[in-house]
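Engineer: Residue 41 in our numbering sits at position 36 of the sequence shown; the count goes up by one each step and never skips.
For glycine and all other residues, C-beta sits at the position ideal for the given N, C-alpha and C.
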Amino acid sequence: QGLPAPSYWKNERGSELLIWSANSGTIQGTFTNHAQGFACQGIPYPAAGSVSPTGLYFVVTFAQCNSFTRWVGTIKGSQMPTSWTLFYVDNKGKPSRLKGGDIFTRVW
Ligand SMILES: O=C(O)CCCC[C@@H]1SC[C@@H]2NC(=O)N[C@@H]21
6 QGLPAPSYWK NERGSELLIW SANSGTIQGT FTNHAQGFAC QGIPYPAAGS
56 VSPTGLYFVV TFAQCNSFTR WVGTIKGSQM PTSWTLFYVD NKGKPSRLKG
106 GDIFTRVW
């Protein structure tokens with residue numbers, strides 16, 4: 006259940022995840038959001054996290070959006086089902102969160 010590096014993944018929303026290192030459990034990569042209904046699209050942001058035999062997580066800070074997302078998932082061959090939480094500040098200034106799921110598929 007290791008994470009191959011380098012590897013390139015896309016989720017069902019069209020967003021891209023490039024893993025360029027997964028050394029001794031630490032994940033480094035780049036995430037580019039292309040999901041409809043979300044801001045900060047088309048900008049590559051650093052992704053950082055951790056991978057273990059039982060799963061992985063990674064976090065992306067969307068600097069221009071004052072938000073960040075945490076993905077937690079598992080690697081099943083060329084599929085990576087995840088659940089995510091997007092932390093943001095709503096238009097009244099209240100810290101808020103939104104949850105969902107993404108399935109990443111390995112492209113190369
Ligand atoms: O709108 C924002 O505050 C920043 C962009 C958030 C994009 C989210 S992260 C979880 C979900 N999966 C994607 O590929 N994009 C959205």
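Using the three-state DSSP reduction, which class does residue 41 fall into: helix, strand or coil?
Structural biologist: The residue labelled residue 41 in the question sits at position 36 within the sequence shown. Here residue 41 sits in coil by DSSP.
Engineer: Would you identify the three-state DSSP class for residue 46, choosing helix, strand or coil?
Structural biologist: As a first step, residue 46 must be located in the sequence shown, where it is residue number 41. Residue 46 carries a coil assignment under DSSP once its states are collapsed to helix, strand and coil.
Engineer: Apart from the five residues just before and just after residue 46, which ones in its own chain have a Cβ nearer than 7 Å to its Cβ?
Structural biologist: Taking the first residue of the sequence shown as 1, we reach residue 46 at position 41. Counting only Cβ-Cβ distances below 7 Å, and skipping sequence neighbours, we find 38 and 39.
Engineer: Runs of 3 residues minimum, wholly inside the segment 73–104: which ones carry the beta strand (DSSP E) assignment?
Structural biologist: Counting whole runs of 3 or more residues, the segment 73–104 contains the beta strand (DSSP E) stretches 84–94.
Engineer: Does the beta carbon of residue 18 fall short of 6 Å from some heavy atom of ligand 1?
Structural biologist: Position 13 of the sequence shown holds residue 18. For ligand 1, at least one heavy atom lies less than 6 Å from the Cβ of residue 18.
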